[in-house]
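Enquirer: So in my numbering, spot 279 of the sequence shown is number 295, and the numbers just go up one at a time. Would you mind keeping the following structure in view while I ask a few things?
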Amino acid sequence: MTTTDYRNFDLLIARAGERYRAFVVDAPAGEASVVFDLPFAPDEITRLGSLVRGASRRPGAAEDAGPAANLADLGRRLFDAVFRDRVGALLTASLSSVAGEGAGLRLRLRFEEDAADLAILPWETLYDPAQAQFIGLGERSPILRYLSLPRSRSALLVEPPLRVLAVLSSPADLPPLNMEREWQAIQDALAGLTADGKFVLERLATPAWPRCRIGCSATRCISSTSSATACSTRPRRPAAWCLEDAPAGPTWCGASSWPPSCATIPPCAWPTSTPVQARWPPGSRSSPAWRRPWCGKGVPAAVAMQAEISDAGAVELARAFYAALAAGRPVDAALTQARVALSVAGSPEWAIPVLFSRSPDNRLFDIRQVLPTPDCPYPGMTPFSEAQKDLFFGRDKEIEDAVERLRQHPFLTVVGPSGSGKSSLIYAGVIPALRRSKRFGPGAWDIKIMRPGDSRTADGKAAPMQALAQLLNLSPQSPFPNPQFPTLLLVDQFEEIFTLAGADEAQAFLDALNGLIGRPNLHILLTVRADFYPELMACSLWQPIRANRLELTPLGDDELWAAIVEPAARVGVEVDEALAVKLIADASGQKGVLPLVQETLVLLWDKVKARRLKLEAYKEMGESGRSGLQVAIDRRATTVYHNLPDAAQPIARRIFLRLIQFGEGRADTRRQQTAAELRASGDDSALFDQTLAKLTESRLLTASGDAEGGERRVDIAHEALIAGWPRLQAW
């Protein structure tokens, strides 16, 4: 999940005699402190640049990495020294607390003047041995060096188009850098925004200081810089960019030189041939010069390198970093995503970048006005697919329950009312969870999916045995072999056995499933609507169904909240709390509430402004005293109606009107009818069946019971449709 909100875990480090003390001065779970010893020997500290470089160097590097070259070892030693006792417990509790809120926890490291020498330690490698993971490689837990200064800098407000000035410098007398590859990476990262004119990306042709300053002063902009080194080679000289300034040679310019209207990211941008920390030996009692100027004279944040980084690493870092910034991510979250990109690519160079910040929330500029609205994350009236697993929320407990039940027993039936999200639970929840699970033996899962109505006989009846034979490659000569790897046979909408198949065909299919239960490595999963319980109890498969079934109840308010808010957050859009509350209130008591809410959100998505969806948009959607929820389902019904053949439209109109019990002074209600009662004497039988099937598949109606003899029971799926019956009359 993409985290959009962060809480702070502020850790202040100071001297305590010959030792050090770490104070947790602000954290969601409280405050604490611990006294600790430096976890590295003096000679290791002086060589930390070499150690980090050695841990991340590629084959052929000449330097000896030393005993602490392993990044996990570096990080574990730091973690064990500082995050122990109450401080460690507070970190764990704080992470758990913010996770429950759907937020992240940024670890902000602050150093007193007398402990400035510890600022050179590789804190980015912090490694929690209990969780066996690097803290800084989690999107929920970015790490940064925080500078508490008298005045913080708020986000730079921008209006489209946002101008981005790229200043890429590789002076001739310094080690060369691949500027063209980095420029291409920045262009690729911002391509989607520049294409629609919301971003204007420019490159300074000659990266000389006078032209650079003029370019930034001409308009409010963001500057991106790259240079062969980002710090001075002379002791105690403030960190600076090295820009080309022929014929006089390279020019060093510091943060105080930049115009105040320019948000600069990142000032110490990419490869540094001279590691920053090498200037400042341990034991120094003065704040390192590279610590002060960037965030002290108007620049809100700086990304520097604590060791040399390769050209390839720098280009990948630039690509991922700018892509995340372009998506509106805070600078610490953007840098964390860039770290993850390097780590996934197999490069240990993710540990090299360091973030210094004086920004309270690390949002350097507000670009929501210039960001395009992302694609809608809600599926509407259709179920979630496996490809949408990252957008499916609200069913965590049911997913875990289903996976555990399948582990204990190879046959499971998921039963729930229409619109409760059975198919979504399986496709976007259970199947991805099975693929991730290591509890079912070796090998990748083979997922086989069918519906009883996938195959039909000559007279239009469902042929589930034929569908099963095609799916499993069955024949009288080749019975189904025991699978070699974990296999899931999913029979979705199992109720079609009772509504679409003949009695003999249905019984043959039930017998076939009974014969498959208990095969090694084979797990069978059925989904069925709850209104078919009488048919289930009467069928020959009832005993295994009764023994292991998961009854899916409608979403509660908390789960529905997650289903509304979290998919939008996943794509960077904020749903107003008031809108979520109103949607939940309007959906209260409705049948099939999840697809109805999803459909409403699909219609609302065009009203997203500045990456935010407000209550006002939902109120505007209502009309004639009806809620936006009622209007959404009404529009859905109207769309389905107009897509029917002309000859089928009068039949659809009559079906809906016969399913409404008019209140005659009181509220209109639904009334259930059989299919026979909905037919008219002059109806074409095949056309009537097709129309009823289309309305049912569109989730406007529900149908249950025996398809033979006209005893199939039909009902309106959503009460919101009843409020729109005058519209139905207008059809």
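Glycine included, each C-beta is placed from N, C-alpha and C at the ideal position.
(1) Using a Cβ-Cβ cut-off of 8 angstroms (strictly less than) and excluding sequence neighbours within five positions of R472, which residues of its own chain qualify?
(2) Have a look at L160 and L371 and give me their C-alpha separation to the nearest angstrom.
(3) Would you report the Cα separation of V319 and T352, rounded to the nearest angstrom?
(4) Whole-angstrom Cβ separation of L111 and G46, contact assumed at under 8 angstroms?
(5) Do three or more CB pairs link the segment 384-402 to the segment 606-626 at distances below 8 angstroms?
(6) Count the C-beta pairs between the segment 328-337 and the segment 122-129 that are closer than 8 angstroms, then say yes if the count reaches three, no if not.
(7) To the nearest angstrom, how far is the alpha carbon of L516 from that of R355?
(8) Helix, strand or coil: how does DSSP classify F408 here?
(9) Express the C-alpha separation of P55 and R92 in angstroms, rounding to a whole number.
(10) Give every residue of the same chain whose Cβ lies closer than 8 angstroms to the Cβ of L645, excluding the five residues on either side of it in the sequence, and list them in chain order.
(11) For the putative contact between A539 and P426, defined by C-beta atoms under 8 angstroms, what is the C-beta separation to the nearest angstrom?
(12) From the DSSP output, which residues share a beta bridge with A696?
(13) Report the option in E402, D144, R423 whose CA atom is closest to the CA atom of I463.
(14) Taking C-alpha atoms, which residue in A350, P369, A339 lies nearest to Q322?
(15) Suppose only complete runs of 3+ residues qualify. What are the beta strand (DSSP E) ranges in the segment 460-506, listed by chain order?
(16) Is the beta carbon of L778 sitting closer than 8 angstroms to the one on R627?
(17) Would you mind sorting E582 into buried or exposed? The rule is 16 or more other CB atoms within 10 Å of its CB.
(18) Check whether the segment 537-551 and the segment 425-439 are in contact - that is, three or more C-beta pairs closer than 8 angstroms.
(19) Would you list, in sequence order, the uninterrupted alpha helix (DSSP H) runs of no fewer than 4 residues that lie entirely inside the segment 345-390?
(20) According to DSSP, simplified to helix, strand and coil, what is H425?
(21) For a quick check, are the C-beta atoms of T707 and I667 less than 8 angstroms apart?
(22) Judging by CA-CA distance, which residue of S157, A32, R586 is the nearest neighbour of F6?
(23) Find the nearest neighbour of R728 within the set N378, I513, P495, S373, judged by alpha-carbon distance.
(24) Whole angstroms are fine: how far does the CA of L576 sit from the CA of L407?
(25) Which full runs of the alpha helix (DSSP H) of 4+ residues lie inside the segment 578-632, going along the chain?
(26) Please list, in chain order, all residues of the same chain as N378 whose beta carbon is under 6 angstroms from its beta carbon, the five residues on each side excluded.
(27) What's the C-alpha gap between E128 and Y36?
(28) Measuring only the C-alpha atoms, how far is E590 from Q509?
(29) So what's D21 in DSSP terms, helix, strand or just coil?
(30) Using a Cβ-Cβ cut-off of 7 angstroms (strictly less than) and excluding sequence neighbours within five positions of Q689, which residues of its own chain qualify?
(31) Could you tell me whether the Cβ atoms of L220 and V183 are closer together than 8 angstroms?
Expert: In this structure, then:
(1) The residue labelled residue 472 in the question sits at position 456 within the sequence shown. Only A478, A479 meet the Cβ criterion.
(2) Position 144 of the sequence shown, counting from 1, holds the residue named residue 160. Position 355 of the sequence shown, counting from 1, holds the residue named residue 371. Computed Cα separation, rounded: 5 angstroms.
(3) Taking the sequence shown and counting its residues from 1, one reaches residue 319 at position 303. Taking the sequence shown and counting its residues from 1, one reaches residue 352 at position 336. V319 and T352 have their C-alpha atoms some 12 angstroms from each other.
(4) The residue labelled residue 111 in the question sits at position 95 within the sequence shown. The residue labelled residue 46 in the question sits at position 30 within the sequence shown. About 13 angstroms separates the two Cβ atoms, so there is no contact after all.
(5) yes
(6) no
(7) Residue 516 sits at position 500 when you count from the first residue of the sequence shown. Residue 355 sits at position 339 when you count from the first residue of the sequence shown. Going by the C-alpha atoms only, they are around 54 angstroms apart.
(8) Position 392 of the sequence shown, counting from 1, holds the residue named residue 408. The three-state reading of DSSP puts F408 in coil, since its state is none of H, G, I, E or B.
(9) Here residue 92 corresponds to residue number 76 of the sequence shown, with the count starting at 1. Here residue 55 corresponds to residue number 39 of the sequence shown, with the count starting at 1. One C-alpha to the other measures close to 10 angstroms.
(10) Locating residue 645 in the sequence shown gives position 629, where the first residue counts as 1. Here the set comprises L599, D602, A603, Q606, L612, V613, T616, A736.
(11) By 1-based counting over the sequence shown, the position of residue 539 is 523. By 1-based counting over the sequence shown, the position of residue 426 is 410. Note that residue 539 is His in the sequence shown here, rather than Ala. Yes, H539 and P426 are in contact; Cβ-Cβ is about 5 angstroms, under 8 angstroms.
(12) Here the question's residue 696 lines up with position 680 in the sequence shown. According to DSSP, A696 bridges with nothing at all.
(13) Translated into positions along the sequence shown, residue 463 becomes position 447. Nearest C-alpha to I463: E402.
(14) Start at 1 with the first residue of the sequence shown, and residue 322 comes out as number 306. The candidate whose alpha carbon is nearest that of Q322 is P369.
(15) 462-466
(16) In the structure displayed, the chain extends from 17 to 747; residue 778 sits before or after that span and is not available.
(17) Walking along the sequence shown from the start, residue 582 turns up at place 566. Looking at its Cβ environment, which holds 16 or more other Cβ atoms inside 10 Å, E582 is buried.
(18) yes
(19) 347-360
(20) The count along the sequence shown starts at 1 and reaches residue 425 at position 409. Looking at H425 - three-state DSSP - the assignment turns out to be coil, as it is neither helix nor strand.
(21) Translated into positions along the sequence shown, residue 707 becomes position 691. Translated into positions along the sequence shown, residue 667 becomes position 651. Their beta carbons are under 8 angstroms apart, which means T707 touches I667 by this criterion.
(22) Past the edges of the chain, shown from 17 to 747, lies residue 6, and the structure says nothing about it.
(23) Start at 1 with the first residue of the sequence shown, and residue 728 comes out as number 712. The alpha carbon of R728 has as its nearest neighbour, out of N378, I513, P495, S373, the alpha carbon of I513.
(24) Counting from one through the sequence shown, the residue named residue 407 turns up at place 391. Counting from one through the sequence shown, the residue named residue 576 turns up at place 560. Taking the straight line joining both Cα atoms gives about 13 angstroms.
(25) 593-603, 609-620
(26) The residue given as residue 378 occupies position 362 in the sequence shown. Closer than 6 angstroms at Cβ, skipping near neighbours: P346, V347, D348.
(27) The residue labelled residue 128 in the question sits at position 112 within the sequence shown. The residue labelled residue 36 in the question sits at position 20 within the sequence shown. The straight-line gap from Cα to Cα measures roughly 11 angstroms.
(28) Here residue 590 refers to the residue found at position 574 of the sequence shown. Here residue 509 refers to the residue found at position 493 of the sequence shown. Answer to the nearest angstrom: the Cα atoms are 34 angstroms apart.
(29) Here residue 21 refers to the residue found at position 5 when the sequence shown is read from its first residue. In the structure shown, D21 falls within a coil segment according to DSSP collapsed to helix, strand and coil.
(30) Within the sequence shown, the letter at position 673 stands for residue 689. Hits under 7 angstroms: R674, L675, V730.
(31) As a working note, residue 220 is residue 204 in the sequence shown. As a working note, residue 183 is residue 167 in the sequence shown. For L220 and V183, yes; Cβs fall inside 8 angstroms.
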